[in-house]
Each structure stands twice: as C-alpha cells, then as structure tokens.
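There are 2 protein chains.
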Amino acid sequence: MTETSPFQTPAQKQTEREAKRQAVLRAAVRIFNERGFHATLLEDVAISLGISKPTIYHYLGNKEQVLLQCVIHGLEQLIQAADAARQEPGRGIDRLRSYLRRYAEINMDDFGRCVIRTGDEALSEEGRKQFRGLKGEIDHAMRTLIDDAIKDGSIAPCDSKLLAFTLAGALNWPARWFSPEGKQTREEVAQQMVDLLTVGFAPR
Amino acid sequence: MTETSPFQTPAQKQTEREAKRQAVLRAAVRIFNERGFHATLLEDVAISLGISKPTIYHYLGNKEQVLLQCVIHGLEQLIQAADAARQEPGRGIDRLRSYLRRYAEINMDDFGRCVIRTGDEALSEEGRKQFRGLKGEIDHAMRTLIDDAIKDGSIAPCDSKLLAFTLAGALNWPARWFSPEGKQTREEVAQQMVDLLTVGFAPR
Numbered sequence: 003m004t005e006t007s008p009f010q011t012p013a014q015k016q017t018e019r020e021a022k023r024q025a026v027l028r029a030a031v032r033i034f035n036e037r038g039f040h041a042t043l044l045e046d047v048a049i050s051l052g053i054s055k056p057t058i059y060h061y062l063g064n065k066e067q068v069l070l071q072c073v074i075h076g077l078e079q080l081i082q083a084a085d086a087a088r089q090e091p092g093r094g095i096d097r098l099r100s101y102l103r104r105y106a107e108i109n110m111d112d113f114g115r116c117v118i119r120t121g122d123e124a125l126s127e128e129g130r131k132q133f134r135g136l137k138g139e140i141d142h143a144m145r146t147l148i149d150d151a152i153k154d155g156s157i158a159p160c161d162s163k164l165l166a167f168t169l170a171g172a173l174n175w176p177a178r179w180f181s182p183e184g185k186q187t188r189e190e191v192a193q194q195m196v197d198l199l200t201v202g203f204a205p206r
Numbered sequence: 003m004t005e006t007s008p009f010q011t012p013a014q015k016q017t018e019r020e021a022k023r024q025a026v027l028r029a030a031v032r033i034f035n036e037r038g039f040h041a042t043l044l045e046d047v048a049i050s051l052g053i054s055k056p057t058i059y060h061y062l063g064n065k066e067q068v069l070l071q072c073v074i075h076g077l078e079q080l081i082q083a084a085d086a087a088r089q090e091p092g093r094g095i096d097r098l099r100s101y102l103r104r105y106a107e108i109n110m111d112d113f114g115r116c117v118i119r120t121g122d123e124a125l126s127e128e129g130r131k132q133f134r135g136l137k138g139e140i141d142h143a144m145r146t147l148i149d150d151a152i153k154d155g156s157i158a159p160c161d162s163k164l165l166a167f168t169l170a171g172a173l174n175w176p177a178r179w180f181s182p183e184g185k186q187t188r189e190e191v192a193q194q195m196v197d198l199l200t201v202g203f204a205p206r
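So the sequence lines, in the order shown, correspond to chains Y and E. Take 3 as the starting number for the first sequence in the numbering used here and just add one per residue. Take 3 as the starting number for the second sequence in the numbering used here and just add one per residue.
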C-alpha cells in the first residue's frame with residue numbers, strides 16, 4: 003500500500019475547483035431566483051455557503067459575471083436537451099414532444115428559471131451578446147425540430163417560427179409559477195402541458 | 003353668441019388633468035418597456051414630453067408609483083376584455099377564443115407589455131399586493147371562461163388551472179418578442195397563436 007500524499011495532484015485540484023465553482027453557482031442562482039438580480043447581494047450568497055465574498059470573486063467574478071454564468075449554465079442544459087432529442091429514433095413529433103418535456107422541466111429548475119427571469123438589462127453589453135447568442139441557438143433548435151416534424155408529416159403544417167414562440171412561451175411560464183412544494187412534480191406538469199399543446203383544447 | 007370665458011369650468015379642469023395624466027403615463031410606459039424599471043429615469047420621461055420632473059410627481063407620483071399605475075392600467079384592460087368576452091353569445095369555446103385574442107393583443111401593446119415585464123421586486127410591499135390581487139382576478143377570469151366551455155362541451159375536459167397557465171404563458175410571451183415593425187400586425191399574430199393553441203400541433 004502506497005502512502006497517501008498530503009499534496010493534491012493537478013487533476014485533483016482541478017476537480018475540487020470545479021466542485022466549488024458549481025456549489026457557488028447553485029447557491030447564487032437560488033438567491034437570484036428568490037430576490038431578483040438587483041436585490042441580490044453576493045454577501046448573502048457567501049453567507050449561505052459559510053465562505054467570504056472574495057472567495058466568490060475568486061471562483062466566479064463580480065455579481066454580473068455570476069449571473070451570466072448562471073444563465074449560461076441554464077441555456078447549456080437546454081441546448082444539450084435539444085441535441086439529445088434530435089438523436090432519438092421515431093417520428094418528428096416524438097422527438098419534438100420529448101424535447102418540449104425536457105425544456106419545460108429545465109425551466110422549472112433553478113438554472114432554467116434564472117434564464118427566464120433574467121432581463122437583458124441586468125447584463126453588460128458583452129454579457130448580453132453572449133446571452134442573446136445562446137438564446138438564438140435554442141430558438142433555432144426548437145424550430146429545426148418543428149420543421150423536421152412538418153416534413154415527415156407528423157405535425158400539422160404551420161408557421162414554424164410562430165409555433166416555436168407559442169410553445170416556448172407556454173413552457174417558459176412555469177418558471178414564474180411552478181412551486182416544487184405543490185401537488186405535482188416538474189415531470190407531471192411538463193407532461194400535461196405538452197399534451198395540452200399537442201392536441202389543443204378543441205375536442206377531437 | 004356668448005363670450006368664451008378664459009377660466010375653465012371644474013369639469014374642463016378635470017378632463018384636462020386626466021388627459022395630462024394619460025399622456026405622462028403613456029410616455030412613461032414606453033420608457034419602462036424600452037429600458038426596464040431600474041434604468042428608467044423620470045427625468046427622461048419628463049424630457050420626452052417637454053415638461054419638468056416635478057410635473058410628473060404632481061400627476062403620478064414617484065417612479066415606483068408611476069410604474070404601479072402603468073401595470074394597473076394594463077391589468078384593467080385585461081379585466082375589461084374578460085368582462086366583454088363573458089357577455090358574448092355563442093358557445094363557451096367562442097367566448098374563450100375571443101378573450102384569448104384580446105388578451106394576446108393587449109400583451110403586445112404598451113401597457114400589457116409593461117405588466118408582463120414587471121417583476122414583483124420592482125414594487126413596494128403595498129404595490130405588490132395590489133399587483134398580485136389584479137393578476138389573481140385575471141387568472142380567475144381565464145379559468146372561469148375555460149370551466150364554462152368544459153361545461154357546455156365545447157372544449158375538451160382537462161385540468162382548467164393548468165390549461166389557463168399554459169394559454170396565459172403562450173400569450174404573455176409576445177410581450178418579449180413582438181415588434182410592431184415586423185411583417186405581421188398584433189391582430190394577425192394573436193389570431194394565429196390562438197388557432198395553434200385551439201387545435202394543437204398534432205394533425206387532426
């Protein structure tokens with residue numbers, strides 16, 4: 003048995019650094035969601051983790067930089083969900099529905115909620131560009147899934163841009179009203195909303 | 003012919019006061035929508051009307067009070083639309099669709115946009131209560147229209163609360179993306195979105 007070194011390897015250091023960064027990000031996103039960007043103090047994020055404010059600066063930067071990393075993380079979750087959906091077998095409508103469910107679930111979770119609740123005006127010019135760029139990718143992913151489903155005849159022909167906005171709007175909104183303390187889980191709410199949007203409210 | 007008095011009657015004064023109040027409100031709502039609450043300066047609202055900042059205080063109060071009056075005006079437009087829809091003849095689904103169209107149109111207009119874009123955190127405790135109360139009335143109105151339509155069999159049985167949130171979310175979202183400079187009018191976008199939500203995206 004080799005003796006354990008008290009010194010970390012570069013790989014261990016990197017892993018630990020990333021774990022700390024993630025912990026700060028998760029604490030911050032919860033406080034942003036609860037109070038809004040303007041009312042959030044990094045001091046309170048630090049207190050919630052039992053660390054100092056300079057430690058936050060060290061891992062994530064200033065308040066606007068912390069917010070930007072929160073929304074980027076949320077947007078990346080959405081982009082991954084779209085990539086995963088595109089690779090599923092089956093009809094276009096099945097891939098679309100699968101993405102819509104994940105889209106709704108993410109928007110009811112911490113980072114997705116932060117994406118929805120963050121206005122452009124909270125970010126610097128530079129941050130705003132990055133935020134808009136990633137949002138554009140997500141709009142595009144939704145539209146591609148819709149267009150593919152129109153092509154294979156599994157969804158009704160329509161203006162795919164307007165349908166994408168309609169679906170996104172409906173599934174963004176839970177970021178404002180969903181409560182994990184409510185009767186239904188994220189997954190149940192997502193499933194039911196997607197079903198309502200699929201068949202519409204006029205009897206079939 | 004009687005000589006015109008240079009002095010206003012109390013009724014004329016009241017009308018003029020209200021016209022001025024409305025003009026300030028409309029100038030303010032546009033700047034709030036463009037820049038967000040925090041970045042808006044009443045000074046700029048005053049400049050856009052060629053008046054002084056104290057004149058704004060005189061008609062509407064401080065910045066938070068101005069914002070509150072903007073969102074109240076938007077919410078009242080929605081409540082009036084619901085009242086009007088409820089009085090229409092025909093089936094429940096027709097009244098619901100009629101309300102949804104107006105709901106979407108209002109949310110693409112100045113005061114409705116301001117309602118959607120205003121977070122609770124911009125308002126004082128007192129203002130927040132009033133804002134939430136009026137929002138509650140609107141949720142309730144949407145739900146009543148849905149329940150009535152389920153009762154007369156003109157819409158498919160479902161969880162009316164979740165359907166109300168789904169429809170509201172879809173039709174709130176244009177407050178974020180609709181541009182009056184685009185190819186379609188408010189009325190066209192509203193009509194098409196309501197049609198998509200009525201029949202769903204799965205082929206019938």
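The C-beta atom is built at its ideal place from N, Cα and C for all residues, glycine as well.
- Closer than 7 Å at the C-beta level to chain Y, one finds no residue of the segment 81–93 of chain E.
- With a cut-off of 8 Å on Cβ pairs, the segment 182–199 of chain Y is not in contact with the segment 114–133 of chain Y, counting fewer than three such pairs.
- Residue environment analysis places A29 of chain E among the buried positions, since at least 16 neighbouring C-beta atoms fall within 10 angstroms of its C-beta.
- In the same chain as F113 of chain E, and ignoring 5 residues on each side of it, the C-beta atoms closer than 7 Å to its own belong to V31, C72, H75, G76 and Q79, in chain order.
- The beta carbon of D141 of chain Y sits closer than 7 Å to the beta carbons of A166 from its chain, once the five residues preceding and following it are set aside; these are given in chain order.
- At a cut-off of 9 Å between beta carbons, M195 of chain E contacts chain Y.
- Boundaries of the alpha helix (DSSP H) harbouring E45 of chain E: L44 to L51, taken from the DSSP string.
- Runs of beta strand (DSSP E) with 3 or more residues, each lying fully within the segment 105–164 of chain E, are absent.
- Taking C-beta atoms under 8 Å as the contact rule, F9 of chain E and C116 of chain E fail to qualify, at a distance of about 37 Å.
- Counting only Cβ-Cβ distances below 7 Å, N174 of chain E has contacts in chain Y at G171 and W175, in chain order.
- Look at P182 of chain E: its C-beta is not under 9 Å from any C-beta on chain Y.
- Closest by C-alpha distance to A192 of chain Y, out of E:L164, E:E18, E:Q16 and E:G92, is E:L164.
- Across the structure, D149 of chain E and R88 of chain E are spaced so that their CA atoms are roughly 12 Å apart.
- Counting every other CB atom within 10 Å of its CB across the protein chains shown gives R99 of chain E a total of 16 or more, marking it as buried.
- When the alpha-carbon of D96 of chain E is set against those of E:Q82, E:E36 and E:G155, the nearest one is in E:G155.
- Counting other Cβ atoms within 10 Å of its Cβ, R206 of chain Y stays below 16 and is therefore classed as exposed.
- Taking 8 Å as the Cβ-Cβ cut-off, the segment 43–56 of chain Y has no residue approaching chain E.
- Contact annotation: R119 of chain Y and A177 of chain Y have beta-carbon atoms nearer than 9 Å.
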